[in-house]
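**Student:** Chains as they are written, first to last, in full-length UniProt numbering: chain A, 1 to 159; chain B, 1 to 159; chain C, 1 to 159; chain D, 1 to 159; chain E, 1 to 159; chain F, 1 to 159; chain G, 1 to 159; chain H, 1 to 159.
Ideal placement from N, C-alpha and C gives every residue a C-beta, glycine not left out.
As the structure is a prediction and not an experimental result, all values here were calculated from the model.
8 protein chains.
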Amino acid sequence: MSKFRLDEVDHQILDMLIDNTRIPFTDIAKKLLISAGTVHVRVKKLEDAGIIQGSSLTLDYEKLGYSFIAYVGVFLNNTSQTKFVLERISEIPYVTVAHVTTGKFNIFCKIRARDTKHAKDVIYMIDDIEGVYRTETMISLDESINDKKRLMHTIFKNM
Amino acid sequence: MSKFRLDEVDHQILDMLIDNTRIPFTDIAKKLLISAGTVHVRVKKLEDAGIIQGSSLTLDYEKLGYSFIAYVGVFLNNTSQTKFVLERISEIPYVTVAHVTTGKFNIFCKIRARDTKHAKDVIYMIDDIEGVYRTETMISLDESINDKKRLMHTIFKNM
Amino acid sequence: MSKFRLDEVDHQILDMLIDNTRIPFTDIAKKLLISAGTVHVRVKKLEDAGIIQGSSLTLDYEKLGYSFIAYVGVFLNNTSQTKFVLERISEIPYVTVAHVTTGKFNIFCKIRARDTKHAKDVIYMIDDIEGVYRTETMISLDESINDKKRLMHTIFKNM
Amino acid sequence: MSKFRLDEVDHQILDMLIDNTRIPFTDIAKKLLISAGTVHVRVKKLEDAGIIQGSSLTLDYEKLGYSFIAYVGVFLNNTSQTKFVLERISEIPYVTVAHVTTGKFNIFCKIRARDTKHAKDVIYMIDDIEGVYRTETMISLDESINDKKRLMHTIFKNM
Amino acid sequence: MSKFRLDEVDHQILDMLIDNTRIPFTDIAKKLLISAGTVHVRVKKLEDAGIIQGSSLTLDYEKLGYSFIAYVGVFLNNTSQTKFVLERISEIPYVTVAHVTTGKFNIFCKIRARDTKHAKDVIYMIDDIEGVYRTETMISLDESINDKKRLMHTIFKNM
Amino acid sequence: MSKFRLDEVDHQILDMLIDNTRIPFTDIAKKLLISAGTVHVRVKKLEDAGIIQGSSLTLDYEKLGYSFIAYVGVFLNNTSQTKFVLERISEIPYVTVAHVTTGKFNIFCKIRARDTKHAKDVIYMIDDIEGVYRTETMISLDESINDKKRLMHTIFKNM
Amino acid sequence: MSKFRLDEVDHQILDMLIDNTRIPFTDIAKKLLISAGTVHVRVKKLEDAGIIQGSSLTLDYEKLGYSFIAYVGVFLNNTSQTKFVLERISEIPYVTVAHVTTGKFNIFCKIRARDTKHAKDVIYMIDDIEGVYRTETMISLDESINDKKRLMHTIFKNM
Amino acid sequence: MSKFRLDEVDHQILDMLIDNTRIPFTDIAKKLLISAGTVHVRVKKLEDAGIIQGSSLTLDYEKLGYSFIAYVGVFLNNTSQTKFVLERISEIPYVTVAHVTTGKFNIFCKIRARDTKHAKDVIYMIDDIEGVYRTETMISLDESINDKKRLMHTIFKNM
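(1) Measuring straight from C-alpha to C-alpha, what distance separates Gly50/B and Arg5/B?
(2) Looking at the unbroken alpha helix (DSSP H) that takes in Arg112/C, where does it start and where does it end?
(3) Using a C-beta to C-beta distance shorter than 8 Å, which residues of chain D count as neighbours of Thr137/A?
(4) Just mark Glu136/G as buried or exposed, buried being the case when its beta carbon has 16 or more other beta carbons within 10 Å.
(5) Going along the chain, which residues of the segment 109-130 of chain C sit with their C-beta nearer than 9 Å to a C-beta in chain A?
(6) Check Met152/E in the structure and name its three-state DSSP category.
(7) Do we get a CB-CB distance below 7 Å when we pair Tyr64/E with the residues of chain D?
(8) Shorter than 7 Å from the beta carbon of Thr79/C to some beta carbon of chain E?
(9) In chain order, which alpha helix (DSSP H) runs of at least 4 residues are fully inside the segment 59-129 of chain B?
(10) Listing by chain order, which chain H residues have their CB less than 9 Å from the CB of Leu76/B?
(11) Alpha carbon to alpha carbon, what distance is there between Tyr71/C and Leu76/F?
(12) Tell me the rounded alpha-carbon separation between Leu17/C and Leu141/A.
(13) Take every Cβ of the segment 92-100 of chain F, pair it with every Cβ of the segment 120-135 of chain F, and state whether three or more of those distances are shorter than 8 Å.
(14) Once DSSP output is grouped into helix, strand and coil, what is the label at Thr137/D?
(15) Using beta carbons (cut-off 7 Å, strictly below), is Leu52/F in contact with chain E?
(16) Considering only their Cβ atoms, is the gap separating Gly73/A from Phe25/A smaller than 7 Å?
(17) For chain D, is any of its Cβ atoms less than 7 Å away from the one on Leu14/E?
(18) Using a Cβ-Cβ distance under 7 Å, would Arg150/D count as near chain C?
(19) Between which residues of its own chain and Thr79/A is the CB-CB distance below 7 Å, once the five residues before and five after are set aside?
(20) How would you call Gly37/F, buried or exposed, if buried means at least 16 neighbouring beta carbons within 10 angstroms?
(21) When we look at the beta-carbon of Leu151/D and count the other beta-carbons within 10 Å, is it buried (16 or more) or exposed?
(22) Examine chain F for any beta-carbon lying closer than 7 Å to the beta-carbon of Ile18/E, and answer yes or no.
(23) CB Gly131/F to CB Val85/F, shorter than 7 Å?
(24) Which residues in chain F sit within 8 Å of Phe68/G, going by Cβ to Cβ distance?
(25) Rounded to a whole number of angstroms, what is the C-alpha to C-alpha distance between Leu59/B and Lys104/B?
(26) Does Asp27/D get closer than 7 Å to chain C when you measure Cβ to Cβ?
(27) 7 Å is my cut-off, CB to CB: does His11/D come that close to chain C?
(28) Of all the CB atoms in chain B, is at least one closer than 7 Å to the CB of Arg134/A?
(29) Between the C-alpha atoms of Ile69/F and Phe156/E, what's the straight-line distance to the nearest angstrom?
(30) Does the beta carbon of Lys157/D come closer than 7 Å to any beta carbon on chain F?
(31) By a C-beta neighbour count over all protein chains shown, 10 Å radius and 16 as the cutoff for buried, is Lys120/C buried or exposed?
(32) Whose C-beta lies closer than 8 Å to the C-beta of Lys149/H among residues of the same chain, with five residues either side of it excluded?
(33) Round the Cβ separation of His99/C and Glu62/D to the nearest angstrom and send it over; I've been treating them as touching at under 8 Å.
(34) Restricting to runs no shorter than 3 residues, where is the beta strand (DSSP E) found entirely within the segment 7-61 of chain F?
(35) If the cut is a Cβ gap below 9 Å, which residues of chain H does Asp142/B touch?
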């Protein structure tokens, strides 16, 4: 577990950035009654410590025509191929998450696709990787929760 | 599928924001040889269209002591309870994703926890929701890919 | 097995009707060098014997916006409810086929829906029938074969 | 989804054809108080649009001695063989439906056979196709619903 | 393991009776060059020791119209009901064998029936016993071996 | 189904033989108030028709030290090997029953063995047959019903 | 992870005790060329630190007539009953190990019994605990490895 | 079952040794009002009979940093490789128990590891053994019972 210690000011800065990474440091400073320089120093410290790795947009995939989500369990011929297969999987942009797992699957992926036909193409890309023995797919009928912000707030609250 | 049309300039702005949401609009403007005002207008247009919903930090959960990831399949007594159970699940901050799914589970969740003991506590929180009949857990031994940026770039390239 | 005997003329009439039920009897008569009255008598005989039960259109469901196909396995609380549940299922027009089966499911259905969201609604209609304990869904990524004509020709060829 | 628009007359014509494809156009015309020529034009339009693809007989398979129905799940050695295997399957007339599916099977078929022994022969034909790794069979004890007419009426009512 | 000791003569008598219980003792005596009285004494001894419990006919079930064989796995609500359920099962003559088992089922039965429809009726008789929670059926496509005689000969050879 | 017709006398003779194959024909004759010759003729007729195939002893396997019963599901590499594998299985006397089955197994066997160690040896004999890919075993904790006599009486009662 | 540091002498003492807890301290002292008092102090230190919790005999269960080993997976009605059920399980001496687990079971136990019949009794004791919904049993055909000594040596070697 | 007979004194000696193998024989003697020599003779007799095979320490694995426990089910390519694979497995010290099992797995192991990453390494060591086809892992969230002493006391009480 991290030895890194955060004080109240760090927490408040993080709480604001979690909700909107694009908030100007001057706005943060004004709200916390500190100088913008202090905000800058604190964020720099969190970045240098590797806690903040970067930032990204939250897109509406439905609006973009990518409403199809599926989980694909991958069986390998041999676990010694895990690293090789993961590298091939990482070349398929429609795979957004991949885990090495316990249980019946060797690798477990999350994919986003345009529709059933596109999903079939993506699944076949995975199936065709050398070393992949079989895949099993579970389709999402509705993504009801996709929100890391609650976790982020909770983590910093508990530190 | 979205009727929304993006031109080359939109694509280039999005490509930069996907990699770093905090990049100043003046930097984007300089790189694309357009005015900062144009950048502002274009981003506003993407936000108003609902394509950009917001932004978020990318944290190093391992450094923060939250290295335990599991997928929890939830069986309900009755699917008419789905909405109610999802609302209860959404009150557990350690659940970052939840889907209504086909196949053997009714709901499928991703959780992050500190360690085996904490994971057990989180799983029991889900188990104890009224209407939840049983859960089955699959533990991640290693999160090898967690990257939506490749997908985002690909989506805009294909539009 | 049917005691009903078909001669060569019956076979040839059936072969033509299987491919196109709307072919005029005069066309059949001309091709087989028999009278239209004979065609009429023979078809009447097959209908009276109950072998021909009727006729139906072949529609292009994709063009009609119903491209989503899934198989839904239904578990009942008790098999004594089978008849009751089948009657409720038969009130859902999106269920086109339903079997009482061996193996893990009590009832096994085929459904057609417009998309993932509509499929979820149809599955929930089944889930909400009194006596239904749980359902499991398998989604079709592609309906590659849907053709009873080959079977029909083969049956009559073998009789 | 289809852009094709149907008016009330189209609906009424389709409703009659769905129940009996062999109904003479003059009968339809009389019932709807329109000319037989209009019926002809409307049906032609639906055929040209590809919505009506053809027609087929409804047979009593039980009477014909083909009362045995089973679903066969097919596992392939490799999904790159899917197209080849589907072509081989389509040469077996006893397979009336075949889907590429998600979940544990690669291909999912419906077969009709005369009895247990014949079913075994048909299953072995599938098993013996090159690229087929294993099959699993679920037998229908009773085909309680097999009726696309309710769906067809509902589709046109909803358009 | 039995303390009972058999000598060579016992073995030869048993070998003959296993193949044909109706063989007259005088025939056995003649073949073994012993008296019919000795045969009688030896068989009596095996019966008194409880090793021979009785005898039964071997019928051709196919010829008798009972060609359908299935195995039915039974799940109970509670194993305390095992004895009660087995008593109810033993009232169904179509169940010829029933075991208390390890693994997923509580009780595992073999049934013989006339055809698919009759099998469904027998399965429903089991399903309707109080305390039975669910059943799963596996159908035999072909009974290739059903022969205890090889085992009987081997047992006595090894004693 | 058999065309063979049995009268009341046949039924009564069969009922007695089912319970004890060794009952002398004179005893049967006395009970039914017919001649021993008639009994002989009737039994001969049932044997010639192939309905009675033979007779066998009922042994107490527990007393003989063979109290361990298991069911072994066999997966083959290819169903074309079914016949070959069944021939190899039929050389193992500890396998008393073997079926070609639907569902997850290709072949399903019943074995009797002396104890856990012996069962392991028998399972390994099956595993080592060429063409056998894998086996799965379910162990009987108690053989509660093993009685074909109830079925035999019922069959003849229903004829 | 333990902060406790062990030196070379501790390692050597532990290595000897792991193999034979009853070795006299004077023997250990002689081998390591240290005083028996030092051995005593070191062992006391390991006990006080809670690393050594005690000692136990290694028995030959086979010789004692307890050769039957099985793993029993337990499903609960509700995980809130876990603690209660574990307490009931801990009253059954034939259960030597019990875990709260991920995957399909809530609790996973190891049992030792005299034979199949005794195992059935032990499984039924577990089945009859209030809150236990179902159990599934996997039987050991042979306990090939049961040896914590290799692990103990390795742990101390790696510290 | 063992023919070995234990008297009351043996039982009392065993009861004390089970709880603490290091208890001096003089202490046992004092409690039982017998001579230390008698204790020595009795223990020697139990060792010579092979009932007591040795003794071992009970360590606190949690304190030693080995808090991760998992069960690993191993599928082999062929059961003829069982002995070879077990020998390879016995070279991995983190595997403390291994059984040849019935049911879906060929071999079933218990492992102890430091954490998720270490567990992955241990599972891969097993996966990489020649002849191992696949593994499936179930992770312990909590080892609630690990106590053979209750069993040992019960065994001797029942003898």
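**Tutor:** On the basis of the coordinates in this document:
(1) 13 Å
(2) Counting along the chain, Arg112/C falls outside any alpha helix (DSSP H), though it belongs to the beta strand (DSSP E) covering Ile107 to Ala113.
(3) Among the residues of chain D, those whose CB is under 8 Å from the CB of Thr137/A are Thr102 and Gly103, following chain order.
(4) buried
(5) Asp115, Thr116, Lys117, Ala119, Lys120 and Ile123
(6) DSSP places Met152/E in helix when its eight states are reduced to three.
(7) One point to set straight first is that residue 64/E is Leu, not Tyr, in the sequence displayed. Not closer than 7 Å to any Cβ of chain D, the Cβ of Leu64/E fails to qualify, so no.
(8) yes
(9) 82-89 and 116-127
(10) Result: empty, since nearest Cβ-Cβ is about 22 Å, beyond 9 Å.
(11) 27 Å
(12) 41 Å
(13) yes
(14) strand
(15) For the sequence presented, residue 52/F should be read as Ile rather than Leu. Closer than 7 Å: yes.
(16) Going by C-beta atoms, Phe25/A is not nearer than 7 Å to Gly73/A.
(17) Any Cβ of chain D closer than 7 Å to the Cβ of Leu14/E would place that residue at the interface, and such an atom is absent.
(18) yes
(19) Asn106
(20) exposed
(21) Answer is buried; the Cβ neighbour count reaches 16.
(22) yes
(23) yes
(24) Thr116
(25) 33 Å
(26) For Asp27/D, the nearest beta carbon of chain C is not closer than 7 Å to its own beta carbon.
(27) Contact of His11/D with chain C is not assigned, every C-beta pair being separated by 7 Å or more.
(28) no
(29) The straight-line gap from Cα to Cα measures roughly 18 Å.
(30) no
(31) Result: buried.
(32) Ile18 and Asp19
(33) Actually they do not touch by this definition, with Cβ atoms about 14 Å apart.
(34) Complete beta strand (DSSP E) runs here, min 3: 52-59.
(35) Thr116, Lys117 and Lys120
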